[in-house]
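Student: Its first residue numbered 119, the sequence shown is counted upward by one per residue in this note's numbering.
Here it is, the structure in full.
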Amino acid sequence: MRVLVTGGAGFLGSHTVDVLREEGHEVVVLDDLDPQVHGAVEGFPPNLARHGGGSGVRFVRGDVRDRDAVRSALEGIDAVLHLAGAVGVGQSMYQPFHYCSVNVGGTALLLDVLANERTSVRKLVVASSMSIYGEGAYRCGACGDVYPTGRRPDDLAAGRWEPRCPRCGQPVAPAPTREDKPLAAASIYAVSKKSQEELVLCFGEAYKLPVVALRYFNIYGPRQSLSNPYTGVVAIFLSRLLNRKPPIVFEDGGQTRDFIHVRDIARANLLALTSAAADFQAVNVGSGVPVSVLDVFRELSTILDIRIEPTVPGQFRAGDIRHCVADATRARQLLGWAPRIPLAEGMRDLARWCTSSLPEARDLVDVAYAELQMKKLVR
Ligand code: UD1
């Protein structure tokens, strides 16, 4: 196939290009090389360097909101992996227009071109996100399966971080989150991802174009931007440790996430593209293993052998959830997908990459933290 990967020069995009090329697909990448993520880059993107020199990857520098760039990138394309997007929960809360413009507007433009111009596209996969669930699923001893939608301000102010049962108010335990959990986006970023997913699924139904929305959990791995202070917690902690600064842990560090290696996600992208079994559906892509933020810190500081105590100011980031871990049964049953890279191995892989290739990672976390504090988005 000839596959267009939007955002293909980025973290997940470039790993996806690697996997597609390994399988012999031709690839076109559309990417604007956003400086917040890529720094100052001219010419062929460094993340795709191994595919330079006409080896099956064509690079188009452009914005997903630019109709001419999208039209040109779509020439001769059989399938689209739409990964381009603005990523950052904290930043989305004070840049709502930018996040909606890139994520919702960019997706709408792609669909507009598909609807109104002659293309050969017969499959579309969109990057969705676990963020659209808001809080994950929970179990209440008295009420069974429950879905708390948010945490009470007085609980958060008092450092009571765990959500309560929405029916009886009692403590609840986190449970694996299935795709049919009611959606409850808690940040502008999440709302924008939910819209992207719904736009694509709705379009697919109307035009009988096979589409899949993959709900990625927390992706980490080599090539994650270490200088982008709005990227995921793993990269942020790494950057802090390598710069010999204490990571900042929000809440008490007991919040859990489902960390999944980027290479596992890239394989899921390939499977969603090449199999018809998940067409017209949304599918979780996560490891199913809950890991606390403090455990992420401990694991990284052990691997790097850097002993710095984290700062735990007891603060809470607006738009954050407490726990969410995937039930990935659907991905296994429909796509034959299962994660292959355990967290400890994946983190060693990431640490090797950044100590060898990026010792000068610029640490901009203090600036981002000050910005969030000024806007009262961490309290
Ligand atoms: C969010 C999105 C996810 C997206 C990811 C990209 C939700 C529920 N999920 O994940 O879809 O792919 O952003 O960034 O919105 N933390 C610290 N210190 C830090 C940074 C983070 O303690 O310096 C904590 C956060 O407060 C949070 C956890 O680490 O509790 C994970 O944060 P992060 O990596 O930003 O990802 P999510 O918010 O889970």
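The C-beta atom is built at its ideal place from N, Cα and C for all residues, glycine as well.
Please name the residue in Pro-340, Glu-280, Asn-221, Val-147 whose C-alpha comes closest to that of Arg-176.
Tutor: Ranking Pro-340, Glu-280, Asn-221, Val-147 by Cα distance to Arg-176 puts Val-147 first.
Student: In angstroms, rounded to a whole number, what distance separates the CA positions of Ser-247 and Asp-150?
Tutor: Their Cα atoms are separated by approximately 21 angstroms.
Student: Please go through the same chain and pick out, in chain order, the residues whose beta-carbon is closer than 8 angstroms to the beta-carbon of Pro-477, but skip the five residues on each side of it.
Tutor: A caution first: Pro-477 carries a pLDDT of 48, below 50, which makes its placement in the model too unreliable to give a value.
Student: Do three or more CB pairs link the region 450-462 to the region 381-396 at distances below 8 angstroms?
Tutor: Segments in contact, yes.
Student: If we ignore side chains and look at the alpha-carbon of each, how far apart do Val-243 and Gly-372 end up?
Tutor: Cα-Cα distance, rounded: 34 angstroms.
Student: Given Ile-195, which residues of its chain have a CB within under 6 angstroms of its CB, disregarding the five upstream and five downstream residues?
Tutor: Within the same chain, Ile-195 has close Cβ partners Arg-120, Leu-122, Val-239.
Student: Quick check on Gln-491: buried or exposed, where buried means 16 or more other Cβ atoms within 10 Å of its Cβ?
Tutor: Exposed, because fewer than 16 other Cβ atoms sit within 10 Å of the Cβ of Gln-491.
Student: Quick check: the Cα distance between Asn-221 and Val-290, rounded to an integer number of angstroms?
Tutor: Roughly 33 angstroms separates the two Cα atoms.
Student: Is Cys-442 near the ligand UD1, judged by its Cβ being under 7 angstroms from some heavy atom?
Tutor: Result yes, Cβ under 7 angstroms from the ligand UD1.
Student: Ignoring anything shorter than 4 residues or poking outside the region 395-448, list the alpha helix (DSSP H) runs there in chain order.
Tutor: Segments of the alpha helix (DSSP H) lying fully in the region 395-448: 411-422.
Student: Hey, how far is the Cα of Leu-228 from the Cα of Leu-199?
Tutor: Straight-line Cα distance between these residues: approximately 11 angstroms.
Student: Please list, in chain order, all residues of the same chain as Cys-472 whose beta carbon is under 7 angstroms from its beta carbon, the five residues on each side excluded.
Tutor: Hits under 7 angstroms: Leu-344, Leu-356, Leu-360, Ala-479.
Student: Looking only at its own chain, which residues have a Cβ that is under 6 angstroms from the Cβ of Arg-375, when we skip the five neighbours before and after it?
Tutor: Once the five neighbours on either side are set aside, the close Cβ partners of Arg-375 are Asn-336.
Student: Just to confirm, is the Cβ distance from Gly-350 to Ala-303 under 8 angstroms?
Tutor: No, the pair does not count as a contact, with Cβ atoms beyond the cut-off.
Student: Does DSSP put Gly-454 in a helix, a strand or coil?
Tutor: Reduced to three states, the DSSP call for Gly-454 is coil.
Student: Mark Asn-402 as exposed unless 16 or more other C-beta atoms lie within 10 angstroms of its C-beta, in which case mark it buried.
Tutor: Buried is the call here.
Student: Could you pull the start and end residues of the alpha helix (DSSP H) that Lys-312 belongs to?
Tutor: Here the alpha helix (DSSP H) through Lys-312 covers 306-325.
Student: Have a look at Arg-497 and Leu-232 and give me their C-alpha separation to the nearest angstrom.
Tutor: Distance between the alpha carbons of Arg-497 and Leu-232: 44 angstroms.
Student: Return the CA-CA distance between Lys-326 and Ala-197, expressed in angstroms with no decimal places.
Tutor: For Lys-326 and Ala-197, the distance between alpha carbons rounds to 14 angstroms.
Student: Taking 7 angstroms as the cut-off, is the C-beta of Arg-375 nearer than that to any heavy atom in the ligand UD1?
Tutor: Yes, the ligand UD1 has a heavy atom inside 7 angstroms of this Cβ.
Student: Enumerated in chain order, which unbroken segments of the beta strand (DSSP E) with a length of 3 residues or greater are wholly contained in the region 217-282?
Tutor: DSSP runs (the beta strand (DSSP E)) wholly in the region 217-282: 241-247, 255-258, 262-264.
Student: Taking the alpha-carbon positions, what's the Ala-276 to Pro-292 distance?
Tutor: Each residue's alpha carbon lies about 21 angstroms from the other.
Student: Mapping DSSP to helix, strand and coil, what is Leu-301?
Tutor: Reduced to three states, the DSSP call for Leu-301 is coil.
Student: From Ala-226 to Leu-388, what distance separates their C-alpha atoms?
Tutor: Rounded to whole angstroms, Ala-226 to Leu-388 spans 23 angstroms at the Cα level.
Student: Any chance the CB of Phe-368 is under 7 angstroms from a heavy atom of the ligand UD1?
Tutor: At least one heavy atom of the ligand UD1 is nearer than 7 angstroms to the Cβ of Phe-368, so yes.
Student: On the DSSP bridge list, what partners appear for Glu-144?
Tutor: Paired residue(s): Arg-120.
Student: Name the DSSP bridge partner or partners of Pro-292?
Tutor: Answer is Tyr-256.
Student: Just confirm the distance between the C-beta atoms of Val-137 and Val-145, as a whole number of angstroms; I'd bet it's less than 8 angstroms.
Tutor: Not a contact, Cβ separation roughly 10 angstroms.
Student: Round the Cβ separation of Pro-365 and Phe-415 to the nearest angstrom and send it over; I've been treating them as touching at under 8 angstroms.
Tutor: Going by Cβ atoms, the distance from Pro-365 to Phe-415 rounds to 6 angstroms, so yes, they are a contact pair.
Student: Excluding the 5 residues flanking Val-330 on each side, which residues of the same chain have their C-beta closer than 7 angstroms to its C-beta?
Tutor: Excluding positions up to five away in sequence, the list reads Val-243, Ala-390, Ala-396, Asp-397, Gln-399, Val-401.
Student: Anyone know if the C-beta pair for His-133 and Val-380 falls short of 8 angstroms?
Tutor: Yes.
Student: Secondary structure at Ala-158, three-state DSSP: helix, strand or coil?
Tutor: Of the three classes helix, strand and coil, the one that applies to Ala-158 here is coil, per DSSP.
Student: Do Ala-446 and Gly-404 come within 8 angstroms of each other at the CB atom, strictly closer than that value?
Tutor: Result yes, Cβ atoms of Gly-404 and Ala-446 sit closer than 8 angstroms.
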